[in-house]
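Scroll down for the structure; my scribbles are underneath it.
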Amino acid sequence: RDNVITNDRQLACARIHSQEGQDYLSGMAAAANYAWVNRSSMTFLARQAFAKQFQSTPDDLDMNVIYDVSHNIAKIEQHMVDGKLKTLLVHRKGSTRAFPPHHPLIPVDYQFIGQPVLIGGTMGTCSYVLTGTEKGMLETFGSTCHGAGRAQSRNKSRKTLSYQDVLDNLARKGISIRVASPKLVMEEAPESYKDVSAVVDTCHGAGISKKCIKLRPIAVIKG
1 RDNVITNDRQ LACARIHSQE GQDYLSGMAA AANYAWVNRS SMTFLARQAF AKQFQSTPDD
61 LDMNVIYDVS HNIAKIEQHM VDGKLKTLLV HRKGSTRAFP PHHPLIPVDY QFIGQPVLIG
121 GTMGTCSYVL TGTEKGMLET FGSTCHGAGR AQSRNKSRKT LSYQDVLDNL ARKGISIRVA
181 SPKLVMEEAP ESYKDVSAVV DTCHGAGISK KCIKLRPIAV IKG
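Just so you know, we're using the numbering used here here: the sequence shown kicks off at 1 and counts up by one.
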């Protein structure tokens, strides 16, 4: 309607100050609030479960949240464009925010190292914690990858992978799993995703984020 022309139909958009644009931002904010509460609830329940199992307290077990960040969300931010500081709406799809050291929007604890960037792998492969860089701020609006990305669709995964084979593969790696529905196992199987290490190495090599910690799964809950 506004004659906004894109080179990809998936980039369909609305002007920010239009009714559609404002409706979208309001809906997105509501969804983001739901997600924040959902993650907080899961964190609380996980802390309580560990405290009960080990007959201790979450604080004594050092179960603290390192960082929490939204993926796939639009944020109003300031960035340099053609040498001028401008206010932009940065919509990160398939990516996540990765601000550099000393940026005013990251917590005091991370001012000297940059924003923590949480890169989830799969339930059978490693995950990473990265940090944001100044180069990423200049070249990608302070953004980097937020995961490996799917190698095949959820539907194809359900059709081509065996529930028991996935469980057996995880067991051989010493990984325990509890799942609400068998189809979730195939959809989120390691084989369904690209190589997260290769993706992280690419971002690190490009300088848009920096590798900090490599993690491996021990237990997985899908539900």
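The beta-carbon is built from N, C-alpha and C at its ideal position, and this holds for glycine as well.
Considering only residues of the same chain and omitting the five flanking positions on each side of tyrosine 193, which have a CB-CB separation below 8 Å? Answer for tyrosine 193: Gly121, Thr122, Thr125, Gly147, Ala148, Gly149, Arg150 and Ala151, listed in chain order.
Per-residue DSSP class, three states only, for leucine 215: In this structure, leucine 215 counts as strand in the three-state DSSP scheme.
For glutamate 188, count the other beta carbons within 10 Å of its own beta carbon; 16 or more makes it buried, fewer makes it exposed. Which is it? Buried, since its Cβ has 16 or more Cβ neighbours within 10 Å.
For serine 176 and histidine 17, what's the separation of their Cα atoms in angstroms? About 49 Å.
If you draw a straight line from the C-alpha of alanine 32 to the C-alpha of arginine 39, how long is it? Rounded to whole angstroms, alanine 32 to arginine 39 spans 11 Å at the Cα level.
Please report the straight-line C-alpha distance between serine 162 and methionine 186, rounded to a whole angstrom. Cα to Cα, serine 162 sits roughly 7 Å from methionine 186.
Residues in the same chain with beta-carbon distance under 6 Å from threonine 131, minus the five sequence neighbours each way, listed in chain order, please. Correct list, in chain order: Ile113, Gly114, Lys210 and Cys212.
Please classify serine 26 as buried or exposed, where buried requires at least 16 other C-beta atoms within 10 Å of its C-beta. Flag for serine 26 reads exposed.
Pick out whichever of Asp2, Leu45, Gly136 and Asn155 has its Cα sitting closest to the Cα of threonine 96. That would be Gly136, whose Cα lies nearest to the Cα of threonine 96.
If I follow the unbroken alpha helix (DSSP H) through glutamine 164, where does it start and stop? From DSSP, the alpha helix (DSSP H) with glutamine 164 extends over 163 to 172.
DSSP beta-bridge partners of leucine 88: According to DSSP, leucine 88 bridges with Glu77.
I need the DSSP call for histidine 17, collapsed to helix, strand or coil. In the structure shown, histidine 17 sits in coil (DSSP, three-state: anything other than H, G, I, E or B).
Helix or strand or just coil, what does DSSP make of proline 116? When secondary structure is reduced to three states using DSSP, proline 116 falls in the strand class.
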